[in-house]
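A short worksheet on the structure shown next.
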Amino acid sequence: MTITPLMPVYPRCGVRPVRGEHCHLIDESGARYLDFASGIAVNALGHSHPGLIGAIQRQAATLMHVSNLYGSPQGEHLAQRLVDLTFADTVFFTNSGAEAVEAAIKTARAYHQSAGNTDRFELITFNNAFHGRTMATISASNQEKMHKGFAPLLPGFRYVAFDDLEGARAAIGPHTAGFLVEPIQGEGGIRAGSPAFLEGLRDLADAHDLLLVFDEVQTGVARTGTLFVHEQYEVTPDVMAIAKGIGGGFPLGACLASEKAARGMTFGTHGSTYGGNPLAMAAAEAVLDVVAEAAFLEGVRAKGERIRAGLAQFIGNYPELFEEVRGTGLMLGLKLKVEPRAFMEHLRDAHGLLTVAAGDKTLRLLPPLVIGDAEIDEFFEKLSAASADFPAPEPA
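In structure tokens, the structure reads:
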């Protein structure tokens, strides 16, 4: 067998997009697809958004990259903007969500070890989490499918059942540095932590001088109808990793932290060649110009509620196929009674609707945040048609 030029680590489907228009992708043959995947929650402003394109074009014509050995007016401005919008006092820019989580892990360890507590290195993480594909971030997850072939894993992580506050309490020991948690698990199946769970983690962190680290790579940047989902819980983290929507399609992530939490992140402790380059900063500024506005966030919540209410009514027509609706804002999930991949492929190949499969038999619905009524109507038309002609599963 001859290996392909693109390393064959993805089971790529037959859809080959070459162009995007607002909430649709167009492939090589000219076929159009309604995009309710958004590059897995990345294309917050859809495709070909004029504000985002203009910002990138202007910056590309001026200055794309210099190293972080020099001052960064662009990075300073965006960092201040994020500080003003969040709990954070300081920001480190990365190129991806996994790198943002890596920076958050280092921040949590450095918080203790810079104060001489070298035994405090362990982060308590939660079953079925997804934090990325680096060695540290796969080690932070209990998912064996991501571990296979990459042993030995990195030490320093202890797994507990998601939404199990007593399990988290019992896991605290002399090596614990903090908690690393997705407030809503994305790849894990749009599973939301309960308010009592997240509030309890905050209380445990305060009681034991631990850091509470939120992974808001998928939930953040207006996806759930607030700029970050922890605002809805009224629980403030010490450190937060973000990415995906913040660049609107341009690779960008960030680690945000309070001044206290970042006390160990001093000169020489961390770095990135490309992180925070002027081109990425311009993209993020254009995204925030749109999504950080109160009226826009209100619109995301309203559109999410319309879709959620419609789904709740719709799934009763197909009790053999659907179990429940999950999520908030425009981060929604359909829990199926069959494996979701076959239904996802049917939606895509037979009806031109792009979605994303997830764990716990859940289909993720992650449309661009700029969808309108016409796209929502089209979504329900395609979902209805696909549900009606989906082949019945073989008896077990």
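All residue numbers for the sequence shown refer to the working numbering, where the first residue is 837 and numbers rise by one.
Cβ coordinates follow ideal geometry from the N, Cα and C atoms, glycine included.
Since this is a predicted model, take the numbers as computed values, not measurements.
From G1030 to A897, what does the alpha carbon distance come to, in whole angstroms?
Working through the sequence shown from its first residue, we reach residue 1030 at position 194. Working through the sequence shown from its first residue, we reach residue 897 at position 61. The sequence shown places Ser at residue 1030, not Gly. For S1030 and A897, the distance between alpha carbons rounds to 47 Å.
Taking DSSP's pairing of strands, which residues face A1077 in a bridge?
As a first step, residue 1077 must be located in the sequence shown, where it is residue number 241. Paired residues: D1051, C1091.
Which residues in the same chain as T922 place their Cβ atom closer than 8 Å to its Cβ, once the five residues preceding and following it in sequence are excluded?
As a working mapping, residue 922 is identified with position 86 in the sequence shown. These residues qualify, in order along the chain: L1063, F1064, M1076, L1092.
Using 10 angstroms around the beta-carbon of A1131, count the other beta-carbons present and answer buried if the total reaches 16, otherwise exposed.
Position 295 of the sequence shown, counting from 1, holds the residue named residue 1131. Exposed.
Is Y995 helix, strand or coil by DSSP?
Along the sequence shown, read from residue 1 onward, the residue named residue 995 stands at position 159. The answer is strand: DSSP assigns Y995 an E or B state.
Could you check the C-alpha separation between D955 and D1000 for me, to the nearest Å?
As a working note, residue 955 is residue 119 in the sequence shown. As a working note, residue 1000 is residue 164 in the sequence shown. Whole-angstrom Cα-Cα distance: 25 Å.
Any idea what DSSP makes of R1028, helix, strand or coil?
Along the sequence shown, one-based indexing puts residue 1028 at 192. One detail in the question is off: residue 1028 reads as Ala in this sequence, not Arg. It is a strand residue.
Taking only the alpha-carbon atoms, compute the straight-line gap between P1204 and A873 and give it to the nearest angstrom.
Translated into positions along the sequence shown, residue 1204 becomes position 368. Translated into positions along the sequence shown, residue 873 becomes position 37. Taking the straight line from one Cα to the other gives about 8 Å.
Just tell me which of N964, P991, A877 has its CA closest to the CA of E980.
Position 144 of the sequence shown, counted from the first residue, corresponds to residue 980. Residue N964 is the option with its Cα nearest to E980.
Return the CA-CA distance between P909 and P988, expressed in angstroms with no decimal places.
Position 73 of the sequence shown, counting from 1, holds the residue named residue 909. Position 152 of the sequence shown, counting from 1, holds the residue named residue 988. Cα-Cα distance, rounded: 42 Å.
Is the CB-CB distance between L959 and A1013 below 8 Å?
Walking along the sequence shown from the start, residue 959 turns up at place 123. Walking along the sequence shown from the start, residue 1013 turns up at place 177. Against a cut-off of 8 Å, the Cβ pair of A1013 and L959 comes out as a contact.
Measure from the alpha carbon of L1183 to the alpha carbon of each residue in D1209, P1227, R969, then state which is nearest.
One-based indexing of the sequence shown puts residue 1183 at position 347. Cα-wise, what sits closest to L1183 is P1227.
Among the candidates P886, D1074, A1116, whose CA atom is the shortest distance from the CA of H913?
Counting from one through the sequence shown, the residue named residue 913 turns up at place 77. Ranking P886, D1074, A1116 by Cα distance to H913 puts A1116 first.
Inspect the CB distances between the stretch 1016-1033 and the stretch 927-936 and report whether three or more fall short of 8 Å.
no
Three-state secondary structure (DSSP) of G1165
Numbered from its first residue, the sequence shown carries residue 1165 at position 329. Reduced to three states, the DSSP call for G1165 is coil.
Check whether the stretch 1148-1168 touches the stretch 937-955, taking contact to mean three or more Cβ pairs, one atom from each stretch, closer than 8 Å.
no
Assess contact between the stretch 1082-1098 and the stretch 1119-1127, defined as three or more Cβ pairs (one per stretch) separated by less than 8 Å. Is contact present?
yes
Which residue wins for smallest C-alpha separation from L1168, given the options I1143, E1181, L1040?
By 1-based counting over the sequence shown, the position of residue 1168 is 332. Minimum Cα distance to L1168 is reached at I1143.
Coil, strand or helix - I889 by DSSP
Sequence index remark: in the sequence shown, residue 889 carries index 53 (1-based). Correct three-state label for I889: helix.
Would you say L1189 and L1172 are within 8 Å of each other, going by their C-beta atoms?
Taking the sequence shown and counting its residues from 1, the one referred to as residue 1189 is at position 353. Taking the sequence shown and counting its residues from 1, the one referred to as residue 1172 is at position 336. No, the pair does not count as a contact, with Cβ atoms beyond the cut-off.
The alpha helix (DSSP H) that contains R1184, what's its start and end?
By 1-based counting over the sequence shown, the position of residue 1184 is 348. Counting along the chain, the alpha helix (DSSP H) containing R1184 begins and ends at 1176-1187.
Write down the C-beta distance between V1126 and L881 rounded to the nearest angstrom, noting that I regard them as a contact closer than 8 Å.
Taking the sequence shown and counting its residues from 1, the one referred to as residue 1126 is at position 290. Taking the sequence shown and counting its residues from 1, the one referred to as residue 881 is at position 45. Confirmed, about 6 Å.
What does DSSP give as the partner residues of V1017 in its beta bridges?
As a first step, residue 1017 is located in the sequence shown; it is residue number 181 there, counting from the start. Per DSSP, F1050.
Could you give the DSSP three-state label for A1232: helix, strand or coil?
Against the sequence shown, residue 1232 aligns to sequence position 396. Per-residue confidence for A1232 stands at a pLDDT of 38, beneath the threshold of 50, marking its modelled position as unreliable; the derived number appears in the next sentence. DSSP places A1232 in coil when its eight states are reduced to three.
Mapping DSSP to helix, strand and coil, what is Y1154?
Within the sequence shown, the letter at position 318 stands for residue 1154. Here Y1154 sits in coil by DSSP.
Where A1232 and F1179 are concerned, what is the direct C-alpha to C-alpha distance, given to the nearest angstrom?
In the sequence shown, residue 1232 corresponds to position 396, counting from 1. In the sequence shown, residue 1179 corresponds to position 343, counting from 1. Note that A1232 scores 38 on pLDDT, short of 50, meaning its location in the model is unreliable; the coordinates nonetheless yield the value given after this. Cα to Cα, the separation comes out at about 17 Å.
Look up A1122 in the DSSP assignment and say whether it is helix, strand or coil.
The residue given as residue 1122 occupies position 286 in the sequence shown. A1122 falls in the helix class under three-state DSSP.
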